[in-house]
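Below, the structure is given as structure tokens:
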């Protein structure tokens, strides 16, 4: 069960999978499992995933695509300075494999759906430091890839630590 920690409170002496900060009030939510994170992000996930593995994967895939599309929508980039191939790559928004570019050299991140590339398919993932593959194949893979890409505000915290709201 998720536990929410307010600024100034101590991290409890319990094990948890990941800690995510709420950017609105700087509180920190400790999640015990990847499934708990996903069901918080997508409230219908438990009922959709309860039917079978295929539906659970479809629900995770839809969530991943929604995160990819939202991340691209929120980027402040100058598309006029991009090549046609780069603009087409951004327009994929997780719905198809990006095949227009082999190497992504733009400073803006390119978020892609991992299951559209090797090892899941024959399509190679574009190279580049700002290419972020969001992987919905498993619950843990989805949460980890969203956090690695910075699409979840994950924080390293330790038992007994006083939560400072994320001051760095």
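Residue numbers (our numbering): 24 to 191.
Cβ atoms here follow ideal geometry from the backbone N, Cα and C, with glycine treated the same way.
| request: Mark residue 159 as exposed unless 16 or more other C-beta atoms lie within 10 angstroms of its C-beta, in which case mark it buried. | output: As a first step, residue 159 must be located in the chain shown, where it is residue number 136. In this structure residue 159 is buried. Its beta-carbon is surrounded by 16 or more other beta-carbon atoms within 10 angstroms.
**Message:** Going by C-alpha to C-alpha distance, which of 189, 122 and 44 sits closest to residue 141?
**Reply:** Numbered from its first residue, the chain shown carries residue 141 at position 118. The option with the nearest alpha carbon to residue 141 is 122.
Between residue 175 and the rest of its own chain, which residues show a CB-CB distance below 6 Å, the 5 nearest in sequence each way excluded? Numbered from 1 along the chain shown, position 152 holds the residue referred to as residue 175. Excluding its 5 nearest sequence neighbours in each direction, residue 175 has C-beta neighbours in its own chain below 6 Å: 43 and 169, listed in chain order.
| query | Is residue 60 helix, strand or coil by DSSP? | reply | Within the chain shown, numbered from 1, the residue matching residue 60 stands at position 37. The DSSP-derived three-state label of residue 60 is helix.
Exercise for the section: Return the residue from the list 185, 139 and 50 that minimises the CA-CA distance to residue 84. Expected result: Your numbering for residue 84 matches position 61 in the chain shown. It is 139 whose Cα lies nearest to the Cα of residue 84.
(Q) To the nearest angstrom, how far is the alpha carbon of residue 100 from that of residue 29? (A) If you number the chain shown from 1, residue 100 lands on position 77. If you number the chain shown from 1, residue 29 lands on position 6. The straight-line gap from Cα to Cα measures roughly 34 Å.
* **Inter-residue CB distance, residue 41 and residue 181 (contact presumed, cutoff 8 Å)** => Locating residue 41 in the chain shown gives position 18, where the first residue counts as 1. Locating residue 181 in the chain shown gives position 158, where the first residue counts as 1. Under the criterion of beta carbons closer than 8 Å, residue 41 and residue 181 do not qualify as touching, at roughly 13 Å.
Using DSSP's beta-bridge definition, name the partner residues of residue 186. Here the question's residue 186 lines up with position 163 in the chain shown. DSSP lists no partner for residue 186.
Option nearest residue 147 by Cα separation, candidates 183, 119 and 162 = Residue 147 sits at position 124 when you count from the first residue of the chain shown. The candidate whose alpha carbon is nearest that of residue 147 is 119.
* Output yes if chain B places a C-beta closer than 8 Å to the C-beta of residue 150; else output no. => Chain labels in this structure do not include chain B; a single protein chain is all it has.
Contact check, residue 153 vs residue 131, beta carbons under 8 Å = Residue mapping note: residue 153 aligns to position 130 of the chain shown, counting from 1. Residue mapping note: residue 131 aligns to position 108 of the chain shown, counting from 1. Yes, these two residues count as a Cβ contact at 8 Å.
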